[in-house]
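FYI, in this note's numbering the residues of the sequence shown are 445 to 841. All C-beta atoms in this analysis are idealised placements derived from N, C-alpha and C, irrespective of residue type, glycine included. Given the structure is predicted, the values throughout are model-derived calculations rather than measurements. The structure appears below as structure tokens.
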Amino acid sequence: MKIEEPANPPTIKGFALFALGFRPFFLAASLGGLLLILFWLIVLAGVTTASTYYPGVYWHSHEMLFGFVTAVATGFLLAAVRTWTGIQTLQHTPLALLALLWLLGRLAPLAVFQLPGWLIALVDLSFLPAVAVSIAIPILTKAQKSNYIFFILLLLMDAANLLTHLQYLGFTEHTADIGISLMLYLIVTLIMVMGGRVIPFFSERGVMGLQAQSWPLIEKLAPYSIAAVALLAPILPDSIVLVPVALFAAIVHGIRLYGWYDKKMWSVPMVWILQLGYLWLVIGLLLLALVPLALVQREFAVHALTTGGIGLITVGMMARVALGHTGREIAASRPLFWVFVLVSLVPLFRVLVPLLMPDWYLKSVLFSGGLWCVAFLLFVLLYVPILIRPRVDGRPG
């Protein structure tokens, strides 16, 4: 799959943060990934309150899903849609305004500002539709029906966000949990749909001699199996029906991942970070199947999907796309390798350690959060210069 942007306009000199969509949003995601978790650890320590609008843990859940992840997804989609369609996506002032809208959505609910709830909701709910429109225009112009799913998913994500805000504003009860859960599984669906396209492609290009296998039946079942989980898990999280549905999805995607695997990939960090992240998605689905049987608490399934699957894949994709789209060699430097190692340890301490040793729960949560923060601090230091400077090959973008 071709992940290089088309040539055309003149080369941008100097400051290039708003030259292409991945730049401001990967910067926002990397800084957000660091600061949102660091602030949450401070809140857990009892030092301060995150938000008077989002109660308790809802701020953490909401901001990591609707803040951090949407920034990564937006950056990737704006760059990818330009490649797929050959049509320029947002750049310069419109791109800066979209990034500002995302930032305002993160700042508005903070307790220090004491803004009215309706304004917080309005700002936050405006972002995803704006992203959907920005990618829908080139996709519809080229009539790329296979890519319609991406702006549809963005609109569904905004509907999930609306469910959360309706509860925070006092219009409903118990819809925030549904909205957050729906958002989580829509993100997992997006990653698995996109991952099925790019991970085998990246694996073949990155690992000499690797030939990714696929099976038509598995590829047909893959999107439907995870979509079934996304529909069922938010509304019937404890239903016994979820057991076979989640288990079936785990088996389908486990087989899919097996087709991409080659032991030689362990020598290529840019590949193993993505495949290991996909493995955590499969593990998360397996744990989810155990929740209705009361064998595992839901939070362990959720954090396998988030800190493991989403965490590793977002870091791996940001690292790869930023290098490729700035004309650099797509290879992990020694510092980037340690970013991958650190972020790979996070789900071990957030999921497996407390699952096996409950007495270590709080320590493992804090330690995993610390690992995450160190990984993202290093990522920020490595990638800020890459994201704000022009391409090294002199091409636009």
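Proximity of residue i and residue j at Cβ, strictly below 9 Å
| i | j | result |
| --- | --- | --- |
| A576 | L598 | yes |
| R742 | P791 | no |
| G639 | E663 | no |
| L661 | V673 | no |
| A748 | L737 | no |
| V787 | F820 | yes |
| P517 | G841 | Going by the sequence as given, residue 517 is Ala instead of Pro. For A517 and G841, no; Cβs fall outside 9 Å. |
| P582 | V642 | no |
| L607 | R550 | no |
| A763 | M714 | yes |
| S777 | G703 | no |
| Y497 | Y612 | yes |
| A523 | L545 | no |
| L485 | G838 | no |
Simplified DSSP state of residue i, which is helix, strand or coil
| i | result |
| --- | --- |
| S495 | strand |
| L464 | coil |
| L554 | strand |
| T411 | Limits of the chain in this structure are 445 at one end and 841 at the other, which puts residue 411 out of reach. |
| A671 | helix |
| V828 | helix |
| D837 | coil |
| V685 | coil |
| G458 | coil |
| P560 | coil |
| P660 | helix |
| I481 | helix |
| P573 | helix |
| G500 | coil |
| I679 | coil |
| L654 | coil |
| G698 | helix |
| A666 | helix |
| M445 | With a pLDDT of 46 at M445, under the threshold of 50, the modelled position of this residue cannot be trusted; read the value that follows with caution. Coil, per DSSP. |
Residue environment, residue i, which counts as buried when at least 16 other CB atoms sit within 10 Å
| i | result |
| --- | --- |
| Y805 | exposed |
| Q719 | buried |
| I754 | buried |
| P538 | exposed |
| D602 | buried |
| V491 | exposed |
| I635 | buried |
| Q558 | exposed |
*What alpha helix (DSSP H) runs, 4 residues minimum, are completely inside the segment 592-652?*
592-612 and 619-650
_Runs of 4 residues minimum, wholly inside the segment 502-537: which ones carry the alpha helix (DSSP H) assignment?_
Listed in chain order, the alpha helix (DSSP H) elements of length 4 or more contained wholly in the segment 502-537 are 514-529.
*Please list the segments of the alpha helix (DSSP H) lying wholly inside the segment 702-777, counting only runs of 4 or more residues, in order along the chain.*
Fully enclosed alpha helix (DSSP H) runs of 4 or longer: 713-734, 742-747 and 755-768.
_My parser needs the alpha helix (DSSP H) runs of 4 or more residues fully inside the segment 780-806; what are they?_
797-800
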